[in-house]
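Enquirer: Pasting a structure below so you can have a look.
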Amino acid sequence: GDSLPLLPCRPCSRVGRDGAWPVSQSSCRSASQGKAGHEQLRRFPGCFVRLARLLSLGGCLVERRMRKSRVCRMVLATCLGSLLLVIFYFQSSLNPAAEDRILKTSWHDKSGRSPLQTLYDMDKFEQSSLQATHQQRRDLLSRVCNRYTRKRRLLTSDDLRHLVVDDVHGLLYCYVPKVACTNWKRVMMVLTGQGKYQDPLDIPANEAHVSSNLRTLAEYSTPEINYRLRNYLKFIFVREPLERLVSAYRNKFTRSYNTAFHKRYGTKIIQRHRQDPSEEAMERGHNVRFEEFVYYLLDPQTQHEEPFNEHWERVHSLCHPCIIHYDVIGKYETLTEDSNYILQLIGADAGVKFPSSSKTTRTNDDITAKFFQNISPFYQRRLFNLYKMDYLLFNYSIPSYLRIR
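Sequence positions in the sequence shown follow the numbering used here and run 163 to 567.
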């Protein structure tokens, strides 16, 4: 004990200043309380004084080591947590063979090929004109995405709500309202119904839109989502953007039975964009004019309040074609031809046919042109810019009836 230096316990001492150990306030107080503590120590014989001081120094050393130990434990806990996250990530990213065993998919054809493999195997040989057309559509979409998309982002659950899943045939369909989506949902119900439905036209239109009748990709776990995005045939149907817009307006605002849309949107549109509206129009919202609908779409307040309704939302915002790689891009203008091509790729039963449209009031280019006669060139330009990305992605030309050149 005599050979050891006797160090006072000082709260503010630092290593390097006077050779003393760093000590906390608490340990100093525990050894001696200021002058009173030192006075009490002087009453003991010298050996006991030295022993007391050594115990005080030992307390300081122990506390210092405890602080180091706590830091080490914190670092160790952080590393362990990171390791667990890495393990979880790799477990959630199973290799395709393991995923196939776990998910027990049965959508391969007799030759063992999936619809996706069938599509790209066909591309290795001399292409038919139809195959060449679809290849050109994919290539154009890829070029436009590379040119206009600067930063990719991760998909969210909301992004996947429009992707309908067919696990029987290995199919993902992104439905776009006003682009034959009712008939395609009917076909998907036949394909996934395990014999419950035989003819798509036997399914009432309102039943095709019941959400519980078809599963969307948003309902699956992350590994299941990634597996289907990699291995399923993904397709989409698009339409000339302004023609689709007019079709949505005619269906939702000029049909007397669509009272829900009149109340939900019509009353708001009339209140904001009609001068001196009648009380009946304010209450019912049943007679929205097309120009008022255009003003509503272009009003900055509209999208600040809530996203566009799916019937007039842009296709690239509904289906995210620059994030999800679509294998087949069908067009409303070649609906029957493209639909049969998809059914052929998945090896659908011969009895499954895409319903042919018998509508004589279908919105076409001539009808669309009439609705734009009373829209000024200024608003025509702004509306075109709103849907411009859809024009670029899917190779639609500027309509001849627009006065924006």
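Built from N, CA and C at the ideal position, the CB exists for glycine as well.
Every value quoted in this text rests on a predicted model; they were computed, and no experiment measured them.
For V477, which three-state DSSP category applies?
Expert: As a working note, residue 477 is residue 315 in the sequence shown. Helix, per DSSP.
Enquirer: Would you please state the rounded distance, in angstroms, between the beta carbons of I529 and V408? I believe it to be under 8 Å.
Expert: Taking the sequence shown and counting its residues from 1, one reaches residue 529 at position 367. Taking the sequence shown and counting its residues from 1, one reaches residue 408 at position 246. That belief holds up - the Cβ atoms of I529 and V408 are roughly 7 Å apart, short of 8 Å.
Enquirer: Please say whether H487 and K396 have beta carbons closer to each other than 8 Å?
Expert: On the sequence shown, position 234 is the one that residue 396 refers to. On the sequence shown, position 325 is the one that residue 487 refers to. Contact: yes.
Enquirer: Roughly how many angstroms separate the alpha carbons of V341 and D321, rounded to a whole number?
Expert: Against the sequence shown, residue 341 aligns to sequence position 179. Against the sequence shown, residue 321 aligns to sequence position 159. Each residue's Cα considered, the two are about 19 Å apart.
Enquirer: With the cut-off set at 8 Å, would you say C484 and C336 are in Cβ contact?
Expert: Counting from one through the sequence shown, the residue named residue 484 turns up at place 322. Counting from one through the sequence shown, the residue named residue 336 turns up at place 174. No, Cβ-Cβ distance for C484 and C336 is not below 8 Å.
Enquirer: Report the residue from L548, M350, Q297, E441 whose alpha carbon sits nearest the alpha carbon of V372.
Expert: For this step, residue 372 is matched to residue 210 along the sequence shown. It is M350 whose Cα lies nearest to the Cα of V372.
Enquirer: When DSSP builds the beta bridges, which residues end up paired with F397?
Expert: For the purposes of this step, residue 397 is identified with residue 235 of the sequence shown, where counting begins at 1. F397 is bridged to Y335, V490.
Enquirer: Determine, using beta carbons only, whether Y491 and R275 come nearer to each other than 8 Å.
Expert: Here residue 491 corresponds to residue number 329 of the sequence shown, with the count starting at 1. Here residue 275 corresponds to residue number 113 of the sequence shown, with the count starting at 1. As written in the sequence, residue 491 is Ile, which differs from the Tyr given in the question. No, the Cβ-Cβ distance between I491 and R275 is not below 8 Å.
Enquirer: Given this structure, state the Cα-to-Cα distance separating F470 from R235, to the nearest angstrom.
Expert: As a position in the sequence shown, residue 470 is number 308, starting the count at 1. As a position in the sequence shown, residue 235 is number 73, starting the count at 1. Taking the straight line joining both Cα atoms gives about 51 Å.
Enquirer: Does V326 come out as helix, strand or coil in the three-state DSSP assignment?
Expert: For this step, residue 326 is matched to residue 164 along the sequence shown. Correct three-state label for V326: strand.
Enquirer: Short of 6 Å in beta carbon distance, which residues of its chain neighbour R401, apart from the five on each side in sequence? Order them along the chain.
Expert: Numbered from its first residue, the sequence shown carries residue 401 at position 239. Within the same chain, R401 has close Cβ partners V341, Y494.
Enquirer: I need the DSSP call for T311, collapsed to helix, strand or coil.
Expert: Working through the sequence shown from its first residue, we reach residue 311 at position 149. Three-state result, T311: coil.
Enquirer: Using the three-state DSSP reduction, which class does T354 fall into: helix, strand or coil?
Expert: Here residue 354 is taken as the residue at index 192 of the sequence shown, counted from 1. Three-state result, T354: helix.
Enquirer: Between D438 and the rest of its own chain, which residues show a CB-CB distance below 6 Å, the 5 nearest in sequence each way excluded?
Expert: As a first step, residue 438 is located in the sequence shown; it is residue number 276 there, counting from the start. Excluding sequence neighbours, D438 sits near nothing in its chain.
Enquirer: Residue range of the alpha helix (DSSP H) that H435 falls in?
Expert: Counting from one through the sequence shown, the residue named residue 435 turns up at place 273. Run containing H435: 429 to 435, per the alpha helix (DSSP H) assignment.
Enquirer: With DSSP as the reference, identify every bridge partner of T378, one or two as the case may be.
Expert: Within the sequence shown, the letter at position 216 stands for residue 378. For T378, which the question treats as bridged, DSSP gives the partners V326.
Enquirer: Could one say the Cβ of Y389 lies closer than 8 Å to chain D's Cβ atoms, at least one of them?
Expert: Here chain D cannot be found, since the structure has a single protein chain.
Enquirer: What does the Cβ neighbour count give for D511, buried or exposed, with the cut at 16 atoms within 10 Å?
Expert: The residue labelled residue 511 in the question sits at position 349 within the sequence shown. Result: exposed.
Enquirer: Going by C-alpha distance, which of A443, Y427, L242 is nearest T464?
Expert: By 1-based counting over the sequence shown, the position of residue 464 is 302. Nearest C-alpha to T464: Y427.
Enquirer: Find the nearest neighbour of G355 within the set V330, E405, A294, judged by alpha-carbon distance.
Expert: The sequence position of residue 355 within the sequence shown is 193, counting from 1. Selected option, being the one with the closest Cα: V330.
Enquirer: Exposed or buried, which one is D552 when buried takes at least 16 other CB atoms within 10 Å?
Expert: The sequence position of residue 552 within the sequence shown is 390, counting from 1. D552 is buried by the Cβ-count criterion.
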